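Trainee: Following this message is one structure expressed as structure tokens.
Number of protein chains: 2
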Amino acid sequence: MGAWASLSEKTRQEMMQARAFLSAVAEPPARALARFVAERGARGAVDAIVRRRAPEPVLVEVEARRDAVSGERLLRAGEAAGLRLFIPERPDWPCEAFSELAGAREMELPDMAEPIALWVRGRAEPAECTERAVAVVGARAASGYGEHVAAEFGHGLSGVGFTVVSGAAYGIDGAAHRGALSAGGRTVAFLACGADVDYPAGHGRLLRAIADQGAVISEYPPGTPPRKHRFLVRNRLIAAMGRATVVVEAGARSGAANTANTADLLGRPVLAVPGPVTSQNSVGCHAMVRSGQAVLVTRTEEVVELLSPLGVSPAEEIAARSRPTDRLQPDARRVHDALRGVVSAGNEELARDCGLPLGRVRAVLVELELDGFAKRTESGWVAITS
Amino acid sequence: MGAWASLSEKTRQEMMQARAFLSAVAEPPARALARFVAERGARGAVDAIVRRRAPEPVLVEVEARRDAVSGERLLRAGEAAGLRLFIPERPDWPCEAFSELAGAREMELPDMAEPIALWVRGRAEPAECTERAVAVVGARAASGYGEHVAAEFGHGLSGVGFTVVSGAAYGIDGAAHRGALSAGGRTVAFLACGADVDYPAGHGRLLRAIADQGAVISEYPPGTPPRKHRFLVRNRLIAAMGRATVVVEAGARSGAANTANTADLLGRPVLAVPGPVTSQNSVGCHAMVRSGQAVLVTRTEEVVELLSPLGVSPAEEIAARSRPTDRLQPDARRVHDALRGVVSAGNEELARDCGLPLGRVRAVLVELELDGFAKRTESGWVAITS
Chain G
2 MGAWASLSEK TRQEMMQARA FLSAVAEPPA RALARFVAER GARGAVDAIV
52 RRRAPEPVLV EVEARRDAVS GERLLRAGEA AGLRLFIPER PDWPCEAFSE
102 LAGAREMELP DMAEPIALWV RGRAEPAECT ERAVAVVGAR AASGYGEHVA
152 AEFGHGLSGV GFTVVSGAAY GIDGAAHRGA LSAGGRTVAF LACGADVDYP
202 AGHGRLLRAI ADQGAVISEY PPGTPPRKHR FLVRNRLIAA MGRATVVVEA
252 GARSGAANTA NTADLLGRPV LAVPGPVTSQ NSVGCHAMVR SGQAVLVTRT
302 EEVVELLSPL GVSPAEEIAA RSRPTDRLQP DARRVHDALR GVVSAGNEEL
352 ARDCGLPLGR VRAVLVELEL DGFAKRTESG WVAITS
Chain Z
2 MGAWASLSEK TRQEMMQARA FLSAVAEPPA RALARFVAER GARGAVDAIV
52 RRRAPEPVLV EVEARRDAVS GERLLRAGEA AGLRLFIPER PDWPCEAFSE
102 LAGAREMELP DMAEPIALWV RGRAEPAECT ERAVAVVGAR AASGYGEHVA
152 AEFGHGLSGV GFTVVSGAAY GIDGAAHRGA LSAGGRTVAF LACGADVDYP
202 AGHGRLLRAI ADQGAVISEY PPGTPPRKHR FLVRNRLIAA MGRATVVVEA
252 GARSGAANTA NTADLLGRPV LAVPGPVTSQ NSVGCHAMVR SGQAVLVTRT
302 EEVVELLSPL GVSPAEEIAA RSRPTDRLQP DARRVHDALR GVVSAGNEEL
352 ARDCGLPLGR VRAVLVELEL DGFAKRTESG WVAITS
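Quick note, the sequences are listed as chains G and Z, same order. With the working numbering applied, the first sequence covers 2 to 387. With the working numbering applied, the second sequence covers 2 to 387.
What follows is the structure, given as structure tokens:
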């Protein structure tokens with residue numbers, strides 16, 4: 002298959018037509034068809050289907066559309082709609098991303114099969130997007146908090162060179178894409194309809210912007226309308242394309258939870274962003290963390306850290322900004338605390354208050370004075386608070 | 002030591018005086034003194050200290066206060082302030098709770114030692130509080146969200162019979178106590194000053210209410226003022242008394258994080274409540290979950306579940322409320338989805354749209370009709386959406 006360049010133009014065109022036909026002749030994920038194509042190659046599979054010589058499960062998957070579909074016509078329709086067709090025979094196919102899906106199909110995991118071809122609107126090539134891609138997904142009916150956080154992650158990941166993959170839906174998806182766009186980074190939307198269909202309708206402009214800076218991709222042929230079950234089917238491509246999936250707000254039962262399950266199934270890390278426990282929008286994220294399915298993340302740096310095997314760890318820097326009094330030994334801190342509690346104090350008084358021997362208190366006071374934490378006055382010792 | 006009842010009144014009084022003396026003569030946690038008392042008994046230890054025959058480390062701990070402290074006077078002061086003294090020799094001592102602290106002292110863990118005695122304001126006896134106690138702690142400068150959640154946990158835990166243990170501070174502590182009080186449950190405050198001292202001053206009424214429905218407890222003798230280091234020292238008693246510690250809002254570096262560390266050190270589960278990642282108040286909680294130190298919890302039921310070894314699990318009920326269409330088989334769902342996407346449709350149209358064989362579509366439509374998900378009209382099939 003690496004020999005694409007050495008093929009004649011006619012052979013290439015035949016392969017493109019075959020894949021276009023196969024992308025439309027069965028409803029994805031068509032597992033029998035995907036296996037048959039993997040065994041026979043695209044042209045061989047088409048030939049067998051047209052002659053009705055394919056195995057029964059394949060014939061069942063293609064029965065309804067076999068006579069209505071034409072690869073040639075689809076390629077023309079795609080071209081007219083500004084779509085390019087990417088196929089596994091070409092060297093620019095994102096093989097790694099989808100080989101796990103083929104593996105999952107072989108393992109008979111439900112609803113798992115690699116895409117037969119990808120219809121692409123936009124400049125970027127799928128393969129160049131998968132190299133450093135992170136999926137950011139979540140609820141459509143997101144809160145302001147969720148959208149803010151999704152945009153932050155989209156912006157942050159894009160800013161450090163990751164492609165942000167999502168589903169172009171309202172809510173979290175849209176915010177993640179917008180965050181990536183605002184950082185001038187690359188972002189990819191996988192649709193549950195044709196890549197030429199503006200869905201949701203209110204995201205027409207967003208989809209055009211995504212195509213400009215990345216790609217709008219679908220395994221459905223041009224013009225395919227969205228259907229409810231197609232969203233779940235599409236989710237597997239988002240999960241497969243991301244090296245990790247970040248879930249920002251998800252209800253107890255949601256498409257985002259479905260994407261997370263698939264990522265998990267494919268062995269990709271799932272990361273979940275927490276939120277207020279009073280918000281129904283975060284119930285799914287918290288449940289994923291509690292069950293151990295997801296790692297809790299709060300910032301882009303934590304995602305990057307998790308994806309950087311050698312882990313130069315910018316996230317460790319957080320925490321604990323030190324205070325000057327941190328360097329004090331326990332006895333010195335006790336005396337300093339006692340001094341801070343009073344206007345001024347003498348040595349004996351401090352010794353009693355701290356429960357330290359008088360000699361020790363004297364020694365500590367000298368240290369505190371040298372270090373600038375206490376000073377001697379006419380009425381006794383006084384703390385210098387830093 | 003179980004023989005308290007068989008002791009003469011004089012012996013009991015001597016023991017009480019000895020413990021009162023020991024509770025004041027060194028600044029807790031006085032590890033050398035605690036070990037010496039564990040070996041010699043309270044009266045033996047006092048005798049040795051007064052004669053200066055104790056080991057050097059003990060003499061260092063007690064040097065500054067030895068001559069100023071009187072057990073008899075302290076007992077009178079406690080009585081005048083309405084405090085009772087609880088000591089390990091009495092059968093109502095909460096031994097289990099503090100035996101881990103003694104163990105930690107033996108293991109030379111820093112700042113770990115069991116309390117030598119407890120001064121108690123209020124009705125409840127420490128032992129009856131420890132049986133089912135949960136610590137709820139968190140930031141003083143809490144957010145409205147944090148206080149709301151702390152009150153919910155306080156109320157919920159108290160409502161199912163747990164004693165809510167905290168530190169009476171502003172913010173999370175106060176909200177947790179108030180939540181417990183509002184459920185009519187028992188709550189215990191450990192102070193970093195004498196149990197008779199109203200600290201923080203603005204919580205005077207709250208402390209009286211806690212004493213009425215539970216107890217205000219301190220290892221510091223009556224009248225001891227609060228000092229900064231005493232809060233950290235006090236935290237170990239909160240951690241030890243709770244069978245688990247719930248952290249609601251904590252900064253990256255905070256007293257609550259310190260209590261959580263101690264609970265962890267003592268082998269008690271640490272539970273952390275998440276919050277918005279945009280809030281500095283939740284940074285500590287998220288860090289604990291990320292590091293694996295804490296389990297994420299969102300509701301009282303999850304805390305109860307974790308503390309109920311046999312786990313009748315009310316928390317599993319959450320999630321996934323089912324929808325009627327959930328029962329549909331994949332093919333039926335596909336057809337139903339397709340029907341929902343159009344005004345009405347004929348069999349062939351549906352077959353093409355779904356990519357299913359015509360015969361299968363016909364069979365599925367009959368099932369959908371029987372189940373009330375679709376109906377036949379003059380213009381074709383129509384979905385009935387549930």
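For every residue, glycine included, the Cβ atom is placed at its ideal position computed from N, Cα and C. Model, not experiment: these values are computed from the prediction.
Using a Cβ-Cβ cutoff of less than 7 Å, which residues in the same chain neighbour residue 321 (chain G) once the five nearest sequence positions on both sides are dropped?
Mentor: Residue mapping note: residue 321 (chain G) aligns to position 320 of the first sequence, counting from 1. Since pLDDT at residue 321 (chain G) reaches only 40, below the 50 mark, its modelled position is unreliable, and no value is offered.
Trainee: In angstroms with no decimal places, state the Cα-to-Cα distance between residue 292 (chain Z) and residue 286 (chain Z).
Mentor: Translated into the one-based positions of the second sequence, residue 292 (chain Z) becomes position 291. Translated into the one-based positions of the second sequence, residue 286 (chain Z) becomes position 285. Going by the C-alpha atoms only, they are around 10 Å apart.
Trainee: Hey, does residue 297 (chain G) have any beta-carbon neighbour from chain Z nearer than 8 Å?
Mentor: As a working mapping, residue 297 (chain G) is identified with position 296 in the first sequence. Yes - at least one Cβ of chain Z is within 8 Å of the one on residue 297 (chain G).
Trainee: Bridge partners of residue 172 (chain Z), per DSSP?
Mentor: Counting from one through the second sequence, the residue named residue 172 (chain Z) turns up at place 171. DSSP lists no partner for residue 172 (chain Z).
Trainee: To which residues of the same chain is residue 332 (chain Z) closer than 7 Å at the C-beta, ignoring the five residues directly before and after it?
Mentor: What you label residue 332 (chain Z) is simply residue 331 of the second sequence in a count that begins at 1. Excluding sequence neighbours, residue 332 (chain Z) sits near 357, 361, 365.
Trainee: Compare the C-beta of residue 454 (chain Z) against all C-beta atoms of chain G and say whether one is closer than 8 Å.
Mentor: Outside the shown range of chain Z (2 to 387) lies residue 454 (chain Z), about which nothing can therefore be said.
Trainee: How far does the beta strand (DSSP E) with residue 135 (chain Z) in it extend, from its first residue to its last?
Mentor: For the purposes of this step, residue 135 (chain Z) is identified with residue 134 of the second sequence, where counting begins at 1. Element bounds for residue 135 (chain Z): 134–139.
Trainee: Check whether the stretch 193–205 of chain G and the stretch 265–278 of chain G are in contact - that is, three or more C-beta pairs closer than 8 Å.
Mentor: Touching, no.
Trainee: Kindly identify the DSSP beta-bridge partner or partners of residue 87 (chain Z).
Mentor: Counting from one through the second sequence, the residue named residue 87 (chain Z) turns up at place 86. Its beta-bridge partners are Z:119.
Trainee: Which residue comes first and which comes last in the beta strand (DSSP E) that contains residue 160 (chain Z)?
Mentor: Here residue 160 (chain Z) corresponds to residue number 159 of the second sequence, with the count starting at 1. Where residue 160 (chain Z) is concerned, there is no enclosing beta strand (DSSP E), although the alpha helix (DSSP H) it sits in stretches over 145–160.
Trainee: Whose Cβ in chain G lies nearer than 8 Å to the Cβ of residue 339 (chain Z)?
Mentor: In the second sequence, the residue the question calls residue 339 (chain Z) occupies position 338. Neighbours of residue 339 (chain Z) on chain G, chain order: 228.
Trainee: Decide if the stretch 173–186 of chain G is in contact with the stretch 244–261 of chain G; the criterion is three or more beta carbon pairs, one per stretch, under 8 Å apart.
Mentor: With a cut-off of 8 Å, the stretch 244–261 of chain G and the stretch 173–186 of chain G count as touching, because enough Cβ pairs lie within range.
Trainee: Comparing C-alpha positions only, which one of G:136, G:189, G:341, G:247 sits nearest to residue 226 (chain Z)?
Mentor: Working through the second sequence from its first residue, we reach residue 226 (chain Z) at position 225. Of the listed residues, the one whose Cα sits closest to residue 226 (chain Z) is G:341.
Trainee: Which two residues bound the contiguous beta strand (DSSP E) that contains residue 377 (chain Z)?
Mentor: Numbered from 1 along the second sequence, position 376 holds the residue referred to as residue 377 (chain Z). Residue 377 (chain Z) -> beta strand (DSSP E) spans 375–378.
Trainee: Alpha carbon to alpha carbon, what distance is there between residue 31 (chain G) and residue 363 (chain Z)?
Mentor: Numbered from its first residue, the second sequence carries residue 363 (chain Z) at position 362. Numbered from its first residue, the first sequence carries residue 31 (chain G) at position 30. Looking at the two C-alpha atoms, the distance is approximately 20 Å.
Trainee: On a Cα-Cα basis, can you pick out the residue from Z:38, Z:65, Z:70 that is closest to residue 55 (chain Z)?
Mentor: In the second sequence, the residue the question calls residue 55 (chain Z) occupies position 54. Answer by Cα proximity: Z:38.
Trainee: Could you check if residue 380 (chain Z) is buried or exposed, using at least 16 other CB atoms within 10 Å of its CB as the buried criterion?
Mentor: Position 379 of the second sequence holds residue 380 (chain Z). Exposed.
Trainee: Taking just the CA atoms, how far does residue 93 (chain Z) sit from residue 146 (chain G)?
Mentor: Your numbering for residue 146 (chain G) matches position 145 in the first sequence. Your numbering for residue 93 (chain Z) matches position 92 in the second sequence. The alpha-carbon atoms of residue 146 (chain G) and residue 93 (chain Z) are separated by roughly 50 Å.
Trainee: Below 8 Å on C-beta distance, what does residue 335 (chain Z) contact in chain G?
Mentor: Within the second sequence, the letter at position 334 stands for residue 335 (chain Z). Residues of chain G passing the Cβ test: 28, 228, 230.
Trainee: Do you know whose CA, among G:282, G:120, G:290, G:81, lies nearest residue 89 (chain G)'s CA?
Mentor: Position 88 of the first sequence, counted from the first residue, corresponds to residue 89 (chain G). Looking at the Cα atoms, G:120 is the closest of the given residues.
Trainee: Against residue 62 (chain Z), what residues of chain G qualify as contacts under a CB-to-CB distance less than 9 Å, listed in chain order?
Mentor: Indexing the second sequence from 1 puts residue 62 (chain Z) at position 61. What residue 62 (chain Z) touches in chain G: 356, 357, 358.
Trainee: Would you call the stretch 148–160 of chain Z and the stretch 115–132 of chain Z in contact, with 3 or more CB pairs under 8 Å?
Mentor: Because the criterion of three Cβ pairs below 8 Å is not met, the stretch 148–160 of chain Z and the stretch 115–132 of chain Z do not touch.
Trainee: Please report how far the alpha carbon of residue 26 (chain G) lies from the alpha carbon of residue 70 (chain G), in whole angstroms.
Mentor: For the purposes of this step, residue 26 (chain G) is taken as the residue at position 25 of the first sequence. For the purposes of this step, residue 70 (chain G) is taken as the residue at position 69 of the first sequence. Between residue 26 (chain G) and residue 70 (chain G), the C-alpha separation is close to 6 Å.
Trainee: Rounded C-beta distance between residue 16 (chain G) and residue 43 (chain G)? I'm assuming under 8 Å.
Mentor: Residue 16 (chain G) sits at position 15 when you count from the first residue of the first sequence. Residue 43 (chain G) sits at position 42 when you count from the first residue of the first sequence. Going by Cβ atoms, the distance from residue 16 (chain G) to residue 43 (chain G) rounds to 6 Å, so yes, they are a contact pair.
Trainee: Name the DSSP beta bridge partners of residue 381 (chain G), please?
Mentor: In the first sequence, the residue the question calls residue 381 (chain G) occupies position 380. The partner list for residue 381 (chain G) (beta bridge, DSSP) reads G:378.
Trainee: Give the interface partners of residue 277 (chain Z) over in chain C, defined as CB-CB distance under 7 Å, in chain order.
Mentor: As a matter of chain content, chain C is missing from the structure shown, whose protein chains are G and Z.
Trainee: Measure the CB-CB distance between residue 65 (chain Z) and residue 224 (chain Z) and report whether it falls below 8 Å.
Mentor: Residue numbering aside, residue 65 (chain Z) sits at position 64 when the second sequence is read from its first letter. Residue numbering aside, residue 224 (chain Z) sits at position 223 when the second sequence is read from its first letter. For residue 65 (chain Z) and residue 224 (chain Z), no; Cβs fall outside 8 Å.
Trainee: Which one or two residues does DSSP pair with residue 218 (chain Z) in a beta bridge?
Mentor: Within the second sequence, numbered from 1, the residue matching residue 218 (chain Z) stands at position 217. Answer is Z:121, Z:191, bridged to residue 218 (chain Z).
Trainee: Using beta carbons (cut-off 8 Å, strictly below), is residue 290 (chain Z) in contact with chain G?
Mentor: The residue you call residue 290 (chain Z) lines up with position 289 of the second sequence. Yes, contact with chain G.
Trainee: For residue 287 (chain Z), return the contacting residues in chain G, with the cut-off set at a CB-CB distance below 7 Å.
Mentor: Taking the second sequence and counting its residues from 1, the one referred to as residue 287 (chain Z) is at position 286. Those are 275, 297, 299, listed as they occur along chain G.
Trainee: Pull up the CB-CB distance for residue 207 (chain G) and residue 105 (chain G), whole angstroms please, since I reckon it's below 8 Å.
Mentor: Position 206 of the first sequence, counting from 1, holds the residue named residue 207 (chain G). Position 104 of the first sequence, counting from 1, holds the residue named residue 105 (chain G). Between residue 105 (chain G) and residue 207 (chain G) the Cβ distance is about 31 Å, and since that is not below 8 Å, they are no contact.
Trainee: Checking 8 Å against the spacing of the C-beta atoms, do residue 246 (chain Z) and residue 261 (chain Z) come in under that value?
Mentor: By 1-based counting over the second sequence, the position of residue 246 (chain Z) is 245. By 1-based counting over the second sequence, the position of residue 261 (chain Z) is 260. Their beta carbons are under 8 Å apart, which means residue 246 (chain Z) touches residue 261 (chain Z) by this criterion.
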